[in-house]
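Going by our numbering, the sequence shown wraps up at 961, each residue one higher than the last.
Idealized CB from N, CA, C, for every residue including glycine.
First the structure, in the form of structure tokens, and then the observations on it.
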Amino acid sequence: KIAIKGIERELICPACKELFTHPLILPCQHNICHKCVKEILFAFEDSFADGGSESSNQSSPRIRIAASSMDRIDRINRSGIKRNSLTPRSTLFPCPSCQRDIDLGERGINGLFRNFTLETIVERYRQAARAAIAIMCDFCKPPPQESTKSCLDCSASYCNECFKIHHPWGTVKAQHEYVGPTTNFRPKILMCPEHEMERVNMYCEICRRPVCHLCKLGGGHANHRVTTMSTAYKTLKEKLSKDIEYLISKESQVKAHITQLDLLLKETECNSERAKQEASQSFEKLYCVLEEKKSAALRAIETSKNIRLEKLQTQVEEYQGLLENNGLVGYAQEVLKETDPSCFVQTAKQLHVRIQKATESLKSFRPAAETTFEDFVVDTAKQEDILGDLSFHSNGLEIPEINEEQSRMYNKALISWECSGKTDSADIYVLEYHKLNKEEESVTWQKTEVCGKSKVLSDLDDDSSYAFRVRGYKGSICSPWSREVIMRTPPAPVFSFLFDDKCGYNNEHLQLNPRRTSVESRAGFPLLLGSERLQVGCFTTLDYIIGDTGIAKGKHFWAFNVEAYSYLVKVGVVPSSKIQKLFHNTPDVSSPRYEQDSGHDSGSEDTFFDSSQPCTLVTLGMKKFFIPATPAAPKDPTSRILPLPSCLGVCLDCDRGRVGFYDAGRMKCLYECEVDCSGLMYPAFALMGGAAVHLEEAVTAKDREYHDDI
Numbered sequence: 252k253i254a255i256k257g258i259e260r261e262l263i264c265p266a267c268k269e270l271f272t273h274p275l276i277l278p279c280q281h282n283i284c285h286k287c288v289k290e291i292l293f294a295f296e297d298s299f300a301d302g303g304s305e306s307s308n309q310s311s312p313r314i315r316i317a318a319s320s321m322d323r324i325d326r327i328n329r330s331g332i333k334r335n336s337l338t339p340r341s342t343l344f345p346c347p348s349c350q351r352d353i354d355l356g357e358r359g360i361n362g363l364f365r366n367f368t369l370e371t372i373v374e375r376y377r378q379a380a381r382a383a384i385a386i387m388c389d390f391c392k393p394p395p396q397e398s399t400k401s402c403l404d405c406s407a408s409y410c411n412e413c414f415k416i417h418h419p420w421g422t423v424k425a426q427h428e429y430v431g432p433t434t435n436f437r438p439k440i441l442m443c444p445e446h447e448m449e450r451v452n453m454y455c456e457i458c459r460r461p462v463c464h465l466c467k468l469g470g471g472h473a474n475h476r477v478t479t480m481s482t483a484y485k486t487l488k489e490k491l492s493k494d495i496e497y498l499i500s501k502e503s504q505v506k507a508h509i510t511q512l513d514l515l516l517k518e519t520e521c522n523s524e525r526a527k528q529e530a531s532q533s534f535e536k537l538y539c540v541l542e543e544k545k546s547a548a549l550r551a552i553e554t555s556k557n558i559r560l561e562k563l564q565t566q567v568e569e570y571q572g573l574l575e576n577n578g579l580v581g582y583a584q585e586v587l588k589e590t591d592p593s594c595f596v597q598t599a600k601q602l603h604v605r606i607q608k609a610t611e612s613l614k615s616f617r618p619a620a621e622t623t624f625e626d627f628v629v630d631t632a633k634q635e636d637i638l639g640d641l642s643f644h645s646n647g648l649e650i651p652e653i654n655e656e657q658s659r660m661y662n663k664a665l666i667s668w669e670c671s672g673k674t675d676s677a678d679i680y681v682l683e684y685h686k687l688n689k690e691e692e693s694v695t696w697q698k699t700e701v702c703g704k705s706k707v708l709s710d711l712d713d714d715s716s717y718a719f720r721v722r723g724y725k726g727s728i729c730s731p732w733s734r735e736v737i738m739r740t741p742p743a744p745v746f747s748f749l750f751d752d753k754c755g756y757n758n759e760h761l762q763l764n765p766r767r768t769s770v771e772s773r774a775g776f777p778l779l780l781g782s783e784r785l786q787v788g789c790f791t792t793l794d795y796i797i798g799d800t801g802i803a804k805g806k807h808f809w810a811f812n813v814e815a816y817s818y819l820v821k822v823g824v825v826p827s828s829k830i831q832k833l834f835h836n837t838p839d840v841s842s843p844r845y846e847q848d849s850g851h852d853s854g855s856e857d858t859f860f861d862s863s864q865p866c867t868l869v870t871l872g873m874k875k876f877f878i879p880a881t882p883a884a885p886k887d888p889t890s891r892i893l894p895l896p897s898c899l900g901v902c903l904d905c906d907r908g909r910v911g912f913y914d915a916g917r918m919k920c921l922y923e924c925e926v927d928c929s930g931l932m933y934p935a936f937a938l939m940g941g942a943a944v945h946l947e948e949a950v951t952a953k954d955r956e957y958h959d960d961i
């Protein structure tokens with residue numbers, strides 16, 4: 252006999268929250284009812300087939316899936332059931348205990364072992380719990396009799412009479428093994444679920460599960476380390492016994508911890524009640540302020556109403572006096588009956604003035620008061636936003652800060668943040684952003700919840716500025732908002748291309764990486780050998796490389812990085828009609844301007860040289876950006892030299908025939924000029940000496956995963 256009373260917690264299925272029924276052992280070593288596994292998989296199958304609709308996510312009433320795990324359900328809907336004609340079927344199952352997605356393999360549920368040991372313990376617990384509840388005979392005619400024994404070979408329960416009938420003396424069945432009444436029938440020999448005719452006789456130490464000899468010879472455990480079942484039984488039993496003895500020896504320490512936890516439970520109850528009272532008092536203060544404001548507003552409206560009604564009522568009475576035989580007119584009519592001139596003049600003078608005023612007011616009628624109360628409209632928009640953000644603030648939850656260096660705007664927006672302190676980090680973050688628009692008076696923030704510390708946003712408008720802020724949540728407690736960071740999207744849709752390793756590519760001077768996203772100029776031994784042909788005042792030619800995709804129309808943007816050590820790099824665009832000229836105009840160039848004895852130093856050759864170029868390029872190098880010398884450019888050469896941005900961008904507008912060069916980090920235009928876009932336009936690059944250019948890679952969901960790993 253074992254102490255059954257205190258182990259109920261270990262016998263509860265994590266899915267249905269009831270005692271285990273035919274428990275199965277998952278690859279993660281957690282247990283779950285056979286029926287629960289089927290119901291969860293069927294629920295996810297239906298949800299997957301229905302496109303993940305909300306109604307299809309409702310599983311069996313036995314299964315209680317927490318709302319916090321719905322994102323995992325969505326992930327299972329997207330990738331849980333993998334079907335591919337070239338690969339075996341594989342089923343992912345979300346373990347309710349460890350919250351991990353477990354691969355059940357090709358056989359799915361059929362590949363799982365039934366935990367007969369746990370099933371036996373559950374049966375003992377049931378018998379101890381119900382004590383007097385009898386197990387009825389499976390073969391009696393109604394009404395069935397109480398069973399007295401159960402046959403392990405027949406997996407059935409019998410009363411004495413039925414057992415004798417079905418197990419007669421002198422037959423094979425008489426040799427069956429029987430026990431007391433039970434509903435837990437376990438096989439005498441544990442068979443392999445993958446090879447149903449083979450018994451398990453080994454234990455895989457890698458997968459931590461029993462296997463048969465076929466699993467070891469040619470199955471999924473061929474290269475795994477295995478041991479005999481007896482050795483595994485002895486080893487695991489010794490380890491478990493030692494661990495149990497250690498825990499029993501620490502009983503006093505465990506009881507001390509339990510006592511401490513009981514005190515913490517009571518303290519938590521008291522502190523929660525105190526926090527509730529403080530929160531109630533805070534809201535009561537808000538209620539009082541609102542009630543005062545409400546009463547003051549209603550009193551102001553009521554006072555204004557009374558004043559206006561009084562004015563209008565007075566005006567009504569005045570106009571009623573203008574009616575015949577009524578008020579002022581009636582009084583004037585009576586005055587006209589006076590025959591004594593002196594008495595009439597004495598009264599009529601003042602009366603005539605009143606009659607004239609009444610006549611004038613009749614000609615230009617105007618109400619004495621306004622009927623609208625537009626001046627009394629209460630604007631609560633800002634207060635509603637503030638109240639919407641009302642939540643618990645904790646000094647222990649640090650404020651996240653957006654990392655502008657790791658964040659970037661390209662084809663999508665990658666927003667990354669970090670927490671510098673060592674306090675408890677948040678469970679979830681809320682990222683809010685909105686487009687900066689001067690015309691809009693009110694700001695509407697768009698909100699998204701993030702489990703990690705970065706988020707990829709798409710569908711942002713081109714050539715627009717956005718404000719971003721983030722805050723952390725840990726339960727119902729939240730941190731204050733981070734500092735708002737403003738970032739600008741590219742001026743046009745991002746154009747994707749790779750360096751062309753076919754057209755004009757000089758592999759002796761240039762080196763491409765395997766992905767063709769980086770090019771490096773190798774000023775090495777070949778260039779040193781070629782310098783024997785150079786004379787004083789000569790310089791070598793540039794090595795050109797272009798993109799593998801052309802642009803015919805529209806507006807496009809691409810970005811790249813130039814290594815800080817680069818000596819000379821030119822970037823821009825080239826039309827398809829001039830590509831041949833670009834790559835075949837490569838003899839050694841000797842400029843008379845730079846010959847020591849040529850006598851030319853006027854600079855007039857620069858204009859001729861620029862106008863004769865087959866493509867539109869700007870010069871970079873030595874950590875500088877050089878604005879080309881044009882009539883509109885400053886005459887002072889030093890004012891045309893800018894620091895080289897960490898990331899550069901090119902914006903080509905084929906419809907307008909213009910190309911711009913940008914600081915891609917701030918999306919600020921450094922230089923813009925006209926360009927002939929009559930044909931296909933290709934991105935062009937030229938390098939000389941030690942230099943390297945790296946194309947900016949598109950932002951994808953993997954970027955978020957990468958930063959989360961960091």
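Beta bridge counterpart(s) of residue i as assigned by DSSP
{"i": "Gln426", "result": "None; Gln426 has no bridge partner."}
{"i": "Ile353", "result": "Phe344"}
{"i": "Met453", "result": "Val462 and Thr479"}
{"i": "Asn282", "result": "Ile276"}
{"i": "Lys875", "result": "Gly872 and Pro894"}
{"i": "Asn812", "result": "His945"}
{"i": "Glu447", "result": "Answer is none; Glu447 lacks a bridge partner."}
{"i": "Pro934", "result": "Val824"}
{"i": "Val745", "result": "Phe808"}
{"i": "Arg722", "result": "Val681"}
{"i": "Cys924", "result": "Val910"}
{"i": "Tyr717", "result": "Lys686 and Met738"}
For residue i, the three-state DSSP class (helix, strand or coil)
{"i": "His760", "result": "coil"}
{"i": "Cys919", "result": "For the record, residue 919 in the displayed sequence is Lys; it is not Cys. Three-state DSSP puts Lys919 in a strand."}
{"i": "Glu621", "result": "coil"}
{"i": "Glu948", "result": "coil"}
{"i": "Val901", "result": "strand"}
{"i": "Lys829", "result": "helix"}
{"i": "Gln492", "result": "The displayed chain sequence assigns Ser, not Gln, to residue 492. Correct three-state label for Ser492: helix."}
{"i": "Glu305", "result": "Confidence at Glu305 is low in this model, with a pLDDT of 40, below 50, so its placement is unreliable and no value can be given for it."}
{"i": "Ala473", "result": "coil"}
{"i": "Ile666", "result": "strand"}
{"i": "Glu269", "result": "coil"}
{"i": "Lys706", "result": "strand"}
{"i": "Arg766", "result": "coil"}
{"i": "Leu819", "result": "strand"}
{"i": "Glu656", "result": "coil"}
Residue of the options minimising C-alpha distance to residue i
{"i": "Lys663", "options": "Pro278, Glu948 and Pro274", "result": "Glu948"}
{"i": "Val701", "options": "Leu665, Lys689, Pro742 and Lys289", "result": "Leu665"}
{"i": "Glu261", "options": "Ile372, Ser658 and Val462", "result": "Ile372"}
{"i": "Gln634", "options": "Gln584, Tyr661, Val540 and Gly578", "result": "Val540"}
{"i": "Glu652", "options": "Leu638, Ala599 and Tyr680", "result": "Tyr680"}
Rounded distance between the beta-carbons of residue j and residue i, thought under 8 Å
{"i": "Pro432", "j": "Ser406", "result": "Wrong, their Cβ atoms sit about 13 Å apart, outside the cutoff."}
{"i": "Lys686", "j": "Ser715", "result": "6 Å"}
{"i": "Ala619", "j": "Gln566", "result": "4 Å"}
{"i": "Phe936", "j": "Val824", "result": "With 8 Å as the limit, Phe936 and Val824 do not qualify as a contact, their Cβ atoms being about 10 Å apart."}
{"i": "Val586", "j": "Leu602", "result": "6 Å"}
Residue i - containing alpha helix (DSSP H), residue span
{"i": "Ala632", "result": "Ala632 to Gly639"}
{"i": "Arg909", "result": "No alpha helix (DSSP H) contains Arg909, which is instead part of the beta strand (DSSP E) from Arg909 to Asp914."}
{"i": "Asp513", "result": "Glu502 to Gln571"}
{"i": "Phe595", "result": "Pro592 to Lys614"}
{"i": "Glu585", "result": "Gly578 to Leu587"}
{"i": "Cys402", "result": "Element bounds for Cys402: not the alpha helix (DSSP H) but the beta strand (DSSP E), Lys400 to Cys402."}
{"i": "Glu412", "result": "Asn411 to His417"}
Opening and closing residue of the beta strand (DSSP E) in which residue i lies
{"i": "Ile737", "result": "Val736 to Arg739"}
{"i": "Ile796", "result": "Asp794 to Ile797"}
{"i": "His685", "result": "Ile679 to Lys686"}
{"i": "Lys698", "result": "Gln697 to Val701"}
{"i": "Ser769", "result": "Ser769 to Ser772"}
Neighbour flag for residue i against chain E, beta carbons, 9 Å
{"i": "Gly726", "result": "Among the chains in the structure shown there is no chain E, since it carries only a single protein chain."}
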